[in-house]
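Shown next, in structure tokens, is the structure this report addresses.
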Amino acid sequence: MKNFGLIFVLYHPTADFLRNLEKAAAACTNVVAVDNSPEADLALHEVLRQRGIAVIFNRNDGGLAGAYNKGAERLLAQGCEVIFLLDQDSDIDERFFATMMQACESLGTDAYLIGPKIHEIHLGRCMPVIPPGRRWPRPRRIDGESEGLFPTLFIISSGTALSAAAYRRLGAFREDYFIEYLDIEYGLRASSQGVPVYMNAAATMRQTTGRIERHGRLFTTNHAAWRRYYGARNGVHALWLYRRQWALYWLSVPFALYQALCVLLFEPQKRPKLAAVACGLWDGLRGRLGRFEALHPKLAAYCTQPPRRVDAERAEPLAIEE
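Structure follows, in structure tokens:
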């Protein structure tokens, strides 16, 4: 079997998230924990190192993309042929790596991305496959499938098995995206350059995106305002980049408007979130990328103000450096 390693990203980890790390480390001996928390927890880092887990304190440099890139550099230097990406809120079983590596071995190629079937806990369903080969791709649901590799235009980053050959060919994750859509952009980059992307129905990962709440046929993630900015901006930019291959770019603006509608109807802190979405759309259309607080310091400060007391329990930790 090929040598593989794991990048496990931490950010203000809770006890549950550290248990996810322990579970992953029990099934993978080559683990790099990249801590994106603003301040170093030296005691935690020492405990992890004593358990054989390498630690990189990244202080959120480059966001989630920066964490992946620094972890990949470490694992590539150690000779890993396959790099797994895992976020702290992702739940996998003890057979996850073995099942995913079997899929990797079956491909007969060195360059690929393979993701597991993603079960969204709060929605109670799996992420669909977006088959390539059509200018107007039609999503396909594979909730009932338990085996097989399904070609798809992109996969979410957490749970991904990324071959070393693919990473060297495609390059690093976009740190000017910071967070949001960096995995979709990477998948579209791979698909446009002939690197196959698959979803493996034999492996399932349980995860939730934000604090999803259902409201009939609508749902909202309750993401903080700063994440709403990146989601709107990066979505427009990423899908526009690959408009010649696929006609997905027209979805980005309606999806951002859908997010704005859900904020307006169901979420607290409406004004900063709506302002962030509008600003993100405008920056995405102009191709203006980078850190939110560097591009728009006043708006970022407004969006990261402590919530009112009635909203405090629903507030999301900030991932923006002060």
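Take 98 as the starting number for the sequence shown in the numbering used here and just add one per residue.
Glycine is no exception: its CB is placed at the ideal position from the N, C-alpha and C atoms.
Next on the checklist: Restricting to runs no shorter than 4 residues, where is the alpha helix (DSSP H) found entirely within the region 235-303?
Outcome noted: 261-267 and 279-289
Item to check | Meets three-Cβ-pair contact criterion under 8 Å: the region 183-203 and the region 248-267 | outcome: yes
Checklist entry - What number of angstroms, rounded off, separates the C-alpha of residue 419 from the C-alpha of residue 232? => result Reading the sequence shown from its first residue, position 322 is the one you call residue 419. Reading the sequence shown from its first residue, position 135 is the one you call residue 232. At residue 419 the pLDDT is 29, less than 50, meaning the model places this residue with poor confidence; the figure from the coordinates comes in the next sentence. Using only the alpha carbons, I get a separation of about 42 Å.
Item to check | First through last residue of the beta strand (DSSP E) which encompasses residue 312 | outcome: As a first step, residue 312 is located in the sequence shown; it is residue number 215 there, counting from the start. Here the beta strand (DSSP E) through residue 312 covers 310-312.
Checklist entry - Apart from the five residues on each side of it in sequence, which residues of its chain come closer than 6 Å, Cβ to Cβ, to residue 306? => result As a first step, residue 306 is located in the sequence shown; it is residue number 209 there, counting from the start. Contacts found: 318.
Checklist entry - Just the Cα atoms here: how many angstroms apart are residue 207 and residue 263? => result Against the sequence shown, residue 207 aligns to sequence position 110. Against the sequence shown, residue 263 aligns to sequence position 166. Those two C-alpha atoms are separated by around 7 Å.
Checklist entry - Can we say the region 374-390 touches the region 325-343, given the rule of at least three CB pairs closer than 8 Å? => result yes
Checklist entry - Under 7 Å, do residue 122 and residue 150 count as touching if we go by C-beta distance? => result By one-based count along the sequence shown, residue 122 stands at place 25. By one-based count along the sequence shown, residue 150 stands at place 53. For residue 122 and residue 150, yes; Cβs fall inside 7 Å.
Next on the checklist: Does the structure place the region 174-185 close enough to the region 98-111 that three or more beta carbon pairs sit under 8 Å?
Outcome noted: yes
Item to check | residue 210 versus residue 303: straight-line alpha-carbon distance, rounded | outcome: Locating residue 210 in the sequence shown gives position 113, where the first residue counts as 1. Locating residue 303 in the sequence shown gives position 206, where the first residue counts as 1. Taking the straight line from one Cα to the other gives about 19 Å.
Checklist entry - What is the rounded straight-line gap between the Cα of residue 402 and the Cα of residue 201? => result Locating residue 402 in the sequence shown gives position 305, counting from the first residue. Locating residue 201 in the sequence shown gives position 104, counting from the first residue. Rounded to the nearest angstrom, the two C-alpha atoms are 45 Å apart.
Checklist entry - Given that a residue counts as buried once 16 or more other Cβ atoms are within 10 Å of its Cβ, and exposed if not, what is residue 190? => result Taking the sequence shown and counting its residues from 1, one reaches residue 190 at position 93. Counting Cβ neighbours within 10 Å, residue 190 comes out exposed, since fewer than 16 surround it.
Next on the checklist: Going by DSSP in three states, residue 407 sits in which element: helix, strand or coil?
Outcome noted: Position 310 of the sequence shown, counting from 1, holds the residue named residue 407. No answer about residue 407 holds up, because its pLDDT of 43 lies below 50 and its placement is not dependable.
Checklist entry - Is the distance from the Cβ of residue 328 to the Cβ of residue 277 below 7 Å? => result One-based indexing of the sequence shown puts residue 328 at position 231. One-based indexing of the sequence shown puts residue 277 at position 180. Yes. Within cutoff.
Item to check | First through last residue of the alpha helix (DSSP H) which encompasses residue 361 | outcome: Residue mapping note: residue 361 aligns to position 264 of the sequence shown, counting from 1. Here the alpha helix (DSSP H) through residue 361 covers 346-363.
Checklist entry - Anyone know if the C-beta pair for residue 198 and residue 98 falls short of 7 Å? => result One-based indexing of the sequence shown puts residue 198 at position 101. One-based indexing of the sequence shown puts residue 98 at position 1. Yes, Cβ-Cβ distance for residue 198 and residue 98 is below 7 Å.
Item to check | Inside the region 130-187 only - beta strand (DSSP E) runs reaching at least 3 residues | outcome: 151-154 and 179-184
Next on the checklist: Which residues does DSSP list as the beta-bridge partners of residue 107?
Outcome noted: Sequence index remark: in the sequence shown, residue 107 carries index 10 (1-based). DSSP output for residue 107 lists 132 as bridge partner(s).
Next on the checklist: Let's see if you can read the secondary structure: which residues bound the beta strand (DSSP E) around residue 386?
Outcome noted: The residue given as residue 386 occupies position 289 in the sequence shown. First-last for residue 386: undefined, no H or E at that position.
Next on the checklist: By alpha-carbon positions, which one of 375, 254 and 212 ends up nearest to residue 300?
Outcome noted: Within the sequence shown, numbered from 1, the residue matching residue 300 stands at position 203. In this structure, 212 is the residue among 375, 254 and 212 with its C-alpha nearest to the C-alpha of residue 300.
Checklist entry - Can you find at least 3 beta carbon pairs, one from the region 280-297 and one from the region 211-231, that sit closer than 8 Å? => result yes
Checklist entry - According to DSSP, is residue 101 helix, strand or coil? => result Taking the sequence shown and counting its residues from 1, one reaches residue 101 at position 4. Three-state result, residue 101: strand.
Checklist entry - Do you know how far the Cα of residue 395 is from the Cα of residue 254? => result Numbered from its first residue, the sequence shown carries residue 254 at position 157. Numbered from its first residue, the sequence shown carries residue 395 at position 298. In a straight line, the C-alpha of residue 254 is about 31 Å away from that of residue 395.
Checklist entry - What residues match up with residue 222 in a beta bridge as DSSP calls it? => result The residue given as residue 222 occupies position 125 in the sequence shown. Looking at the DSSP output, residue 222 sits in a beta bridge with 217.
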